[in-house]
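When the count follows the working numbering, it moves up by one through the sequence shown with no breaks and lands on 633 for the last residue.
Just so you know, even glycine gets a beta-carbon here, dropped at the ideal spot from N, CA and C.
Report on the structure given below.
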Amino acid sequence: MSTAKKEYKRVTVKSLIEMKATKEKISMLTAYDYTMAKIVDGAGIDVILVGDSASNVMAGHETTLPITLDQMIYHASSVIRAIYRALVVVDLPFGTYQGNSKNALESAIRIMKESGGHAVKLEGGSEISESISRILTAGIPVMGHLGLTPQSIYKFGTYTVRAKEEEEAKKLKEDALLLEKLGCFALVLEKVPAGLAAEVAASLTIPVIGIGAGAGVDGQVLVTHDMIGMTHEFSPRFLRRYLDLYSEMTNAFQQYISDVKSKNFPSEKEQY
Ligand code: KIV
């Protein structure tokens, strides 16, 4: 059954803000390639994130840090060729926006020009406010990302829940307000207590999209390969697996190997 919504021809940053105002939850999933993006978009997703999680999922790195701007542009341009409805947000990778707002603007412009993405996402709050402001001056929509920010993994040391302590929760709330004031159109909140996330969502007019942030936010995002069970070594509490593709694909590949070895494939009908 198709769940594509007919009321929005194309999802835009404006339609997301309207969805928050009308209390319609926003759905967001990752995609890094044409084929996956075509399926996700065809299913009716609101937002596709070309996440720097491609560094883990597609390239097998332990962290998101190694992925380059050129690689993100490659992934994003493949996704853009597939979509007709979703808003496509592209992560600015580590090292392309922190500490130098001119560099940040140049990186964001390259993403927009060379991939055709619709918006960029940056991790961090007040520390990167200059970079966010400068990107916004070029008319490029910016999505923020607070809470667990994987590009800072070596500062945190672990992927555990963030902002459980009062001081960090206070900074997160201030950063969320700042991102809205600067002009971000939405915010991802990753792995923070549900109560805090709900409080942040209620304090903002821009949508807050959660991953491991509970049900009190304005939308949800998951990494597609995790939610369809293609990956199986990563099982955080917030992850709901809708399929077990790892097992299904393994079975299919084993069946194929067996068919080839036993000369059961190809059959008479499968040749010319
Ligand atoms: O890179 C990514 O996939 C992300 C999501 C986890 C929000 O940033």
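>> Please determine whether the Cβ atom of residue 587 lies at a distance below 6 Å from any heavy atom of the ligand KIV.
In response: On the sequence shown, position 226 is the one that residue 587 refers to. For the ligand KIV, not one heavy atom lies less than 6 Å from the Cβ of residue 587.
> Of all the options 567, 559, 444, 565, which has the alpha carbon lying nearest to the alpha carbon of residue 397?
Replying inline: Locating residue 397 in the sequence shown gives position 36, where the first residue counts as 1. When each option's Cα is compared against that of residue 397, the closest is 444.
> Quick one: what's residue 548 bridged to in DSSP?
Replying inline: Sequence index remark: in the sequence shown, residue 548 carries index 187 (1-based). Partner(s): 505, 569.
>> Under 8 Å, with one C-beta from each stretch per pair, do the region 575-586 and the region 382-402 reach the 3-pair mark?
In response: Yes, the region 575-586 touches the region 382-402.
>> Any heavy atom of the ligand KIV closer than 6 Å to the beta-carbon of residue 575?
In response: Numbered from 1 along the sequence shown, position 214 holds the residue referred to as residue 575. No, the Cβ of residue 575 stays beyond 6 Å of every heavy atom of the ligand KIV.
> How about residue 414: is its Cβ closer than 6 Å to a heavy atom in the ligand KIV?
Replying inline: The sequence position of residue 414 within the sequence shown is 53, counting from 1. Indeed, a heavy atom of the ligand KIV lies less than 6 Å from the Cβ.
> When you compare each of 587, 555, 545 to residue 568 by their alpha carbons, which one comes out closest?
Replying inline: For the purposes of this step, residue 568 is taken as residue 207 along the sequence shown, with counting starting at 1. With distances taken between Cα atoms, residue 568 lies closest to 545.
>> Please report the distance separating the alpha-carbon of residue 429 from that of residue 404.
In response: The count along the sequence shown starts at 1 and reaches residue 429 at position 68. The count along the sequence shown starts at 1 and reaches residue 404 at position 43. Going from the Cα of residue 429 to the Cα of residue 404 covers about 29 Å.
> Quick one: what's got a C-beta closer than 6 Å to residue 522's C-beta in the same chain, skipping five residues either side?
Replying inline: Position 161 of the sequence shown, counted from the first residue, corresponds to residue 522. Hits under 6 Å: 552.
> Candidates 486, 473, 412: which alpha carbon is nearest residue 499's?
Replying inline: Your numbering for residue 499 matches position 138 in the sequence shown. Nearest of 486, 473, 412 to residue 499, Cα basis: 473.
> What number of angstroms, rounded off, separates the C-alpha of residue 509 from the C-alpha of residue 370?
Replying inline: As a working note, residue 509 is residue 148 in the sequence shown. As a working note, residue 370 is residue 9 in the sequence shown. Taking the straight line joining both Cα atoms gives about 33 Å.
> Would you say the beta carbon of residue 572 comes nearer than 6 Å to a heavy atom of the ligand KIV?
Replying inline: As a working mapping, residue 572 is identified with position 211 in the sequence shown. It does: the Cβ of residue 572 is within 6 Å (strictly closer) of some heavy atom of the ligand KIV.
>> I want to check one thing, is the minimum distance from the CB of residue 391 to the heavy atoms of the ligand KIV below 6 Å?
In response: Residue mapping note: residue 391 aligns to position 30 of the sequence shown, counting from 1. Yes - the ligand KIV has a heavy atom lying nearer than 6 Å to the Cβ of residue 391.
> Which first and last residues belong to the alpha helix (DSSP H) in which residue 483 is found?
Replying inline: Against the sequence shown, residue 483 aligns to sequence position 122. Looking at the DSSP string, residue 483 is not in any alpha helix (DSSP H), and its letter there is neither H nor E.
> Does the pairing of the region 459-469 with the region 486-493 give three or more beta-carbon distances under 8 Å?
Replying inline: yes
> On the premise that residue 425 lies in contact with residue 686, defined as a C-beta separation below 8 Å, what is that separation, rounded to the nearest angstrom?
Replying inline: Look at the range of the chain in this structure, 362 to 633, and you will see that residue 686 is not part of it.
>> For a minimum of 4 consecutive residues, which ranges assigned as the alpha helix (DSSP H) are wholly contained in the region 385-426?
In response: 395-403, 415-418
>> Between which residues of its own chain and residue 539 is the CB-CB distance below 7 Å, once the five residues before and five after are set aside?
In response: Against the sequence shown, residue 539 aligns to sequence position 178. Counting only Cβ-Cβ distances below 7 Å, and skipping sequence neighbours, we find 486, 487, 490.
>> Going by C-alpha to C-alpha distance, which of 527, 408, 566, 484 sits closest to residue 507?
In response: Taking the sequence shown and counting its residues from 1, the one referred to as residue 507 is at position 146. Here the closest residue by C-alpha is 484.
>> Going by beta-carbon coordinates alone, are residue 578 and residue 563 separated by less than 7 Å?
In response: On the sequence shown, residue 578 is found 217 positions in, with the first residue counted as 1. On the sequence shown, residue 563 is found 202 positions in, with the first residue counted as 1. No, the pair does not count as a contact, with Cβ atoms beyond the cut-off.
> Closest by CA to residue 419, which one among 373, 541, 587?
Replying inline: For the purposes of this step, residue 419 is taken as the residue at position 58 of the sequence shown. The candidate whose alpha carbon is nearest that of residue 419 is 587.
>> Would residue 476 and residue 437 be called neighbours here (beta carbons separated by less than 7 Å)?
In response: The count along the sequence shown starts at 1 and reaches residue 476 at position 115. The count along the sequence shown starts at 1 and reaches residue 437 at position 76. Contact: yes.
>> Per DSSP, what are the beta-bridge partners of residue 450 in this structure?
In response: As a working note, residue 450 is residue 89 in the sequence shown. Beta-bridge pairing links residue 450 to 410, 480.
> Can you tell which of 423, 372, 619 has the C-alpha that lies nearest to the C-alpha of residue 519?
Replying inline: Here residue 519 is taken as the residue at index 158 of the sequence shown, counted from 1. Measuring from the Cα of residue 519, the nearest candidate turns out to be 423.
> Do the CB positions of residue 408 and residue 447 come within less than 7 Å of each other?
Replying inline: Locating residue 408 in the sequence shown gives position 47, where the first residue counts as 1. Locating residue 447 in the sequence shown gives position 86, where the first residue counts as 1. When the beta-carbon positions are compared, residue 408 and residue 447 come within less than 7 Å of each other.
> For residue 460, which of helix, strand or coil comes out of DSSP?
Replying inline: For the purposes of this step, residue 460 is identified with residue 99 of the sequence shown, where counting begins at 1. Coil at residue 460, not helix or strand.
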